Amino acid sequence: MTASRLFFTEKLLEWNREANSRNMPWKGEKNPYRIWLSEIILQQTRVEQGWPYYERFIQHYPTVTDLAQAPEEEVFRLWQGLGYYARCKNMLAAAREITDQYQGKFPDQYDQIKALKGIGPYTAAAVASFAFNLPHAVLDGNVYRVLARYFGIDTPIDSTAGKKQFGELAQALLPAAAAAEYNQSIMDFGAVVCKPQQPTCNDCPLNRKCIARQQQLVAVLPVKTKKLQIKKRYFNYLLVTLEDNIYIRKRTENDIWQNLHEFILIETDEPTDITHLQAAPAFQNIFKSSPGTVENISAPFKQQLTHQTIHTRFITVAVKKPLAQQDWMLVPGTELNNYAFPKTITSFLQQHSMQLF
DNA sequence: AACGCGGGGCT
DNA sequence: AGCCCAGCGTT
Numbered sequence: 001m002t003a004s005r006l007f008f009t010e011k012l013l014e015w016n017r018e019a020n021s022r023n024m025p026w027k028g029e030k031n032p033y034r035i036w037l038s039e040i041i042l043q044q045t046r047v048e049q050g051w052p053y054y055e056r057f058i059q060h061y062p063t064v065t066d067l068a069q070a071p072e073e074e075v076f077r078l079w080q081g082l083g084y085y086a087r088c089k090n091m092l093a094a095a096r097e098i099t100d101q102y103q104g105k106f107p108d109q110y111d112q113i114k115a116l117k118g119i120g121p122y123t124a125a126a127v128a129s130f131a132f133n134l135p136h137a138v139l140d141g142n143v144y145r146v147l148a149r150y151f152g153i154d155t156p157i158d159s160t161a162g163k164k165q166f167g168e169l170a171q172a173l174l175p176a177a178a179a180a181e182y183n184q185s186i187m188d189f190g191a192v193v194c195k196p197q198q199p200t201c202n203d204c205p206l207n208r209k210c211i212a213r214q215q216q217l218v219a220v221l222p223v224k225t226k227k228l229q230i231k232k233r234y235f236n237y238l239l240v241t242l243e244d245n246i247y248i249r250k251r252t253e254n255d256i257w258q259n260l261h262e263f264i265l266i267e268t269d270e271p272t273d274i275t276h277l278q279a280a281p282a283f284q285n286i287f288k289s290s291p292g293t294v295e296n297i298s299a300p301f302k303q304q305l306t307h308q309t310i311h312t313r314f315i316t317v318a319v320k321k322p323l324a325q326q327d328w329m330l331v332p333g334t335e336l337n338n339y340a341f342p343k344t345i346t347s348f349l350q351q352h353s354m355q356l357f
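Each residue of the first sequence is one higher than the one before, counting from 1 in UniProt numbering.
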C-alpha cells in the first residue's frame, strides 16, 4: 500500500472516531439478520426514509425465521410505500432460504451471503464486514464519490471499467483487521462531508491531498454516463363497486409495481377525456354484460418516478351485478387495507375512502 | 453492457 | 427539472 493510501485510510478512521457522524438504529449492530434487513431496506434509499420501515420490520419479525414464516401479503403491506418492490420479494426468498437451508442461522461466508436473493456485491460486503468483520470493501454511491474525488478518477462509475477500477481501489484501501469500522467510516464520510452537492471541503480532513479539490473538479466528479429517458403514461383507474365491494387485482406483468395491487386499469397513450374513454373498446368490454354508472371522476394525480411520469385519474363506477371477466378479485371495501398498493393509489384512498362506500 | 425498477429530499 | 439515495436482477 502506498503512503498516500495509508494517509487516506488513517484520516478516515480518525475522522470517524472523532466525529462519530451519524446515529442509526443498526449502527454497531452485530446481528447479521438485522444488518441484512437494514441493508436491503437502504438499497437506493436514504437513511431517513428507510429508518421507520426498519423499526417496523424488526418489531414484526424479530428473527429471520419470523420473516420467513410471515404471509407474503402482510410483508408487502409493511413494505408499501418504500418502492423497488422486487427487494421485498427477494428479501422473503432469502429469509426462507436461510430458514430452510441454514436452519435459521445466517450464513457467515461471503460467497454464501452473496448467493442469497437480493444480495449483490455491495450488500454482501456490508453484511460480511459489519456482522463478521470479513475483509470486503463496500462500494456504494458514497464510496464511489469519495474515491473519485480524492484520487481524481474520472472513469464513469456506471461503466464496467469503472466498477472494476473503483472496486480494486476500495479493496486495496481496506484495512483488513478493521473492515467494519472502515466501511462504516467511508460511507458516513461520503454522506456527511463529501456530499454530492455542496461538500464541506473547507473542513475536510482530506482536503490537502484531494485531487478534485486541487484541480477544481469537485463538482465534476464522480462521472456518470447514463442519461435516462422519462416517459409519460396515463392511467385511468376504474373503481368498480358492487354494493360494498370493489374490484382489484395483483400486478404481475413485467412493469412497475409488480406484486402490488391496483384497480381496473385502462392505460392510454395520451390524456383522454371521459367521453372518449367511455367510448373506447376497453371500457365497453368491461361493462358489456353489466352496465356501469359513472359516479365520480377524480382530479388528476401526478406521480414522478425515476424513469416515468404517471398521470392518474380515478373513475368510480357502480355496477348492479358482477362483471363477466374473471381477471379481477371482488373484495369488500373494508378489506382494502389487507393489500399493498402503490403510492398513487394509497394517496387517493386516503383522500377519498370515506366517500367510496 | 444496458436497462428497468419507487419514492422522496434537495438544489 | 435534474440529481442522488448504504443497488440488484434481468435481458
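Don't be surprised by glycine CBs; every beta carbon is placed ideally from N, CA and C. Quantities reported herein were computed from a predicted structural model and do not represent experimental measurements.
Going by beta-carbon coordinates alone, are I211 and F166 separated by less than 8 Å? no
By how many angstroms is the C-alpha of I264 removed from the C-alpha of Q325? 11 Å
Inter-residue spacing [alpha-carbon to alpha-carbon] between L147 and Y61: 37 Å
Taking its Cβ as the centre, do 16 or more other Cβ atoms sit within 10 Å of L336, making it buried, or is it exposed? buried
Cβ contact (3+ pairs, closer than 8 Å) linking the region 315 to 335 and the region 236 to 254: yes
Kindly give me the distance between the Cβ atoms of Y84 and Q44, rounded to whole angstroms, as I take these residues to be in contact under 8 Å. 6 Å
Less than 7 Å between the CB of I98 and some heavy atom of the ligand HEM, yes or no? By its list of ligands, the structure shown contains no ligand whatsoever, and the ligand HEM lies outside what it can speak to.
Among F301, T309 and K321, which one has its Cα closest to the Cα of E315? The sequence as given places Ile at residue 315; Glu does not occur at that position. Of F301, T309 and K321, the residue nearest in Cα terms is F301.
In three-state DSSP terms, what is M354? Because the pLDDT at M354 is just 47, under 50, the model does not fix this residue reliably, and the point stays unresolved.
Quick check: the region 248 to 263 against the region 170 to 188, are at least 3 beta-carbon pairs closer than 8 Å? no
Whole angstroms are fine: how far does the CA of A172 sit from the CA of I153? 15 Å
Is it true that the CB of P322 sits closer than 8 Å to the CB of K224? no
Could you give the residue range of the beta strand (DSSP E) that holds E168? First-last for E168: T160 to L173, but that is the alpha helix (DSSP H), not the beta strand (DSSP E).
Hey, F189 and L12: beta-carbon distance below 8 Å or not? yes
Residues in the same chain with beta-carbon distance under 6 Å from R213, minus the five sequence neighbours each way, listed in chain order, please. C201 and N207
Closest to A137 by CA distance: which of T2, G292, D269 and E168 is it? E168
For H261, write down the residues that DSSP places opposite it in a beta bridge. K250
Using a threshold of 8 Å, state whether the C-beta atoms of W257 and P196 are closer than that. no
Is the number of C-beta pairs between the region 3 to 12 and the region 75 to 91 that are closer than 8 Å three or more? no
So the alpha helix (DSSP H) Y144 belongs to, where does it begin and stop? G141 to Y150
Sufficient close CB pairs (3 or more, under 8 Å) joining the region 111 to 129 to the region 63 to 74: no
Close-in-space but distant-in-sequence residues of the same chain around N296 (CB under 6 Å, 5 per side omitted): T316
Can you tell me whether DSSP reads L13 as helix, strand or coil? helix
To test your reading of the DSSP string, which unbroken alpha helix (DSSP H) runs of 4 or more residues are found completely within the region 210 to 251? 211 to 214
Sequence-distant residues of the same chain with beta carbon closer than 6 Å to M187, five excluded per side: N142
Presumed contact (8 Å Cβ cut-off) between E267 and I345, rounded CB distance: That pair is no contact at about 14 Å.
Run through the DSSP bridge pairs and tell me what F283 is partnered with. None, per the DSSP bridge assignment.
Following the continuous alpha helix (DSSP H) through Q101, name the residue where it begins and the one where it ends. A86 to Q101
Excluding five sequence neighbours on each side, which residues of the same chain lie with their C-beta closer than 8 Å to the C-beta of F7? K209
Should R313 go down as buried or exposed, given a rule of 16 or more other Cβ atoms within 10 Å for buried? buried
For P25, name the three-state secondary structure that DSSP assigns. coil
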